[in-house]
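Scroll down for the structure; my scribbles are underneath it.
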Amino acid sequence: MRIFDPHIHMTSRTTDDYERMAAAGVRAVVEPAFWLGQPRTSAATFVDYFDSLIGWEPFRAGQFGVRHHATVALNPKEANDPRCHPVLDLLPRYLDKDGVVAVGEIGYDSMTPAEDAAFAGQLALAVAHDLPALVHTPHRDKARGVERSLAVVAESGIEPGRVLVDHLNEVTVKLVRDTGCWLGFSIYPDTKMTPPRMVELLRTYGTERMLVNSAADWGRSDPLLTRATGEAMLLAGFTDDDVDRVLWRNPAEFYGQSGRLDLSDLDAPAATFAGNSILRGGE
0 MRIFDPHIHM TSRTTDDYER MAAAGVRAVV EPAFWLGQPR TSAATFVDYF DSLIGWEPFR
60 AGQFGVRHHA TVALNPKEAN DPRCHPVLDL LPRYLDKDGV VAVGEIGYDS MTPAEDAAFA
120 GQLALAVAHD LPALVHTPHR DKARGVERSL AVVAESGIEP GRVLVDHLNE VTVKLVRDTG
180 CWLGFSIYPD TKMTPPRMVE LLRTYGTERM LVNSAADWGR SDPLLTRATG EAMLLAGFTD
240 DDVDRVLWRN PAEFYGQSGR LDLSDLDAPA ATFAGNSILR GGE
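As numbered in numbering that gives the first Met the number 0, residues 0 to 282 make up the sequence shown, in order.
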C-alpha cells in the first residue's frame, strides 16, 4: 500500500513519526502552513516558518524516504490578528518556490470580515500564480462555513477542479460533491472522521476526487490513520486499486496541477542541511 498524505503538519511531529509512517507505506506528504497554537508576535516570524517548510522539513523527511511538499498562506485562524496581515505581501515570494504546490490553508475559522478579505485575496493569488488552493473549513457551524466557502470560491473565478475543500464530514460532503471541487477528509482519533465512517462515505459517493488525510499536528492526532483507512477499505470489500486511488493517485493528481509535484524516488538523500543533520551526539 502506497500512501500520499495530502495534509499533515510534520513540523509538529518527531522523527519517530517519519520512521513509522515510512514503514506503513507513506511515501509522500504535503504540509500546509497553519498556526502555531499561540499568537505570533509579528509577520516576520512567517519568514522563518515558510523557509523551514521548503528547506529543513523536506530534508528531514528525505532521511526517511518520504517526499515532502508544502502549501503556504495566511491561515484563517491568524487572519484575525492584524499583526499577521503583512504576511500577505510576503506570499508571492514563496508561491514561486519549487516545493510549494498550492495556496493553503485558506478559508474560514470564525467567518469574520477579516477572514473574508484574506480568503478572497489568497484565492486571487492562487489564480495569479497558477496554483491549486487548499480550503480549510471551520470546526464550528461547519455546514454554513462550507456553503460560504463555496460561494467565495465561485466568486473568485478559480476553476473548481483546482480547489480542495478539506475537513468534510457526512453533513458537508453533499454540499461539495457536485461542485467540481475535490473533497478532503481528516481522520482523527476522537473528532472529525474515523476510518469506518470514511468507508461508508466512499461506499455512498465513490472514490472520484476523494482525498483522505491525517491532518496530524501538535494536538491529539495520528499520522498512521491514513493506513488504517486503507486497511478498513480492504476489509469492507474495496479493491487494492480503489485504495491506491484514494490514498495515492487522487492527491497526486490534485497537487500535480501545480506542475511542481516531485514523486521521484529518494536515492541517497543529502547528509546535512545548512550544516546540520537530524543526528545528535555523533554520526
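For each residue, glycine too, the CB sits at the ideal point set by N, CA and C.
When secondary structure is reduced to three states using DSSP, P159 falls in the helix class. Going by DSSP, L182 is part of the beta strand (DSSP E) stretching over W181 to S185. If the five residues before and after L246 are omitted, its C-beta is found closer than 8 angstroms to the C-beta atoms of M0, R1, I2, F3, V211, T225, T228 and G229, all from its own chain and listed in chain order. With fewer than 16 other Cβ atoms inside 10 Å of its own Cβ, V170 counts as exposed. Take H68, set aside five residues on each side of it, and the residues of its chain with a beta-carbon closer than 8 angstroms to its own are A27, V28, V29, E30, P57, G98, V99, V100, Y254, R259, L260 and D261, in chain order.
Residue state for I105 is assigned as strand, using DSSP reduced to three classes. Residue range N249 to G255 is occupied by the alpha helix (DSSP H) that includes F253. Put simply, the backbone Cα of A153 is about 25 angstroms away from that of V86. Under the criterion of beta carbons closer than 8 angstroms, V198 and W181 do not qualify as touching, at roughly 19 angstroms. DSSP places L210 inside the beta strand (DSSP E), whose first and last residues are M209 to N212. The C-beta distance from V102 to T70 rounds to 6 angstroms, short enough to meet the 8 angstroms contact threshold. The Cβ neighbour count for N275, taken over all protein chains shown within 10 Å, is under 16; the residue is labelled exposed. Membership of I53 in the alpha helix (DSSP H) is indicated by the continuous run A43 to I53. V145 places its beta carbon less than 8 angstroms from that of V164. Burial is judged here by how many other beta carbons sit within 10 angstroms of a residue's own beta carbon; A132 has at least 16 and is buried.
K96 and A32 have their C-alpha atoms some 14 angstroms from each other. Nearest Cα to Q62 within the set R176, H84 and A21: A21. Setting aside the 5 residues that flank it on each side, D243 is surrounded in the same chain by M0 and R1, each with a C-beta closer than 8 angstroms to its C-beta; the list follows chain order. Per the DSSP secondary-structure output, D4 pairs in a beta bridge with V28. One thing to note: L174 has its Cβ no nearer than 8 angstroms to the Cβ of A214. Counting only residues of its own chain and dropping the five nearest sequence neighbours on each side, L223 has a CB closer than 6 angstroms to the CB of A23. When DSSP reads this structure, A69 sits in a beta bridge with E30 and V99. Here L89 is near F45, since their CB atoms are less than 8 angstroms apart. A check of alpha carbon separations from A72 across M110, E114, A251 and P194 identifies E114 as the nearest.
For N275, the three-state secondary structure derived from DSSP is strand. For K191, the secondary structure class from DSSP, reduced to helix, strand or coil, is strand. Separation of G236 and G179 (C-alpha to C-alpha, rounded to the nearest whole angstrom) is 27 angstroms. DSSP lists G106 as the bridge partner or partners of H135.
Under the three-state reduction of DSSP output, V175 falls in the helix class.
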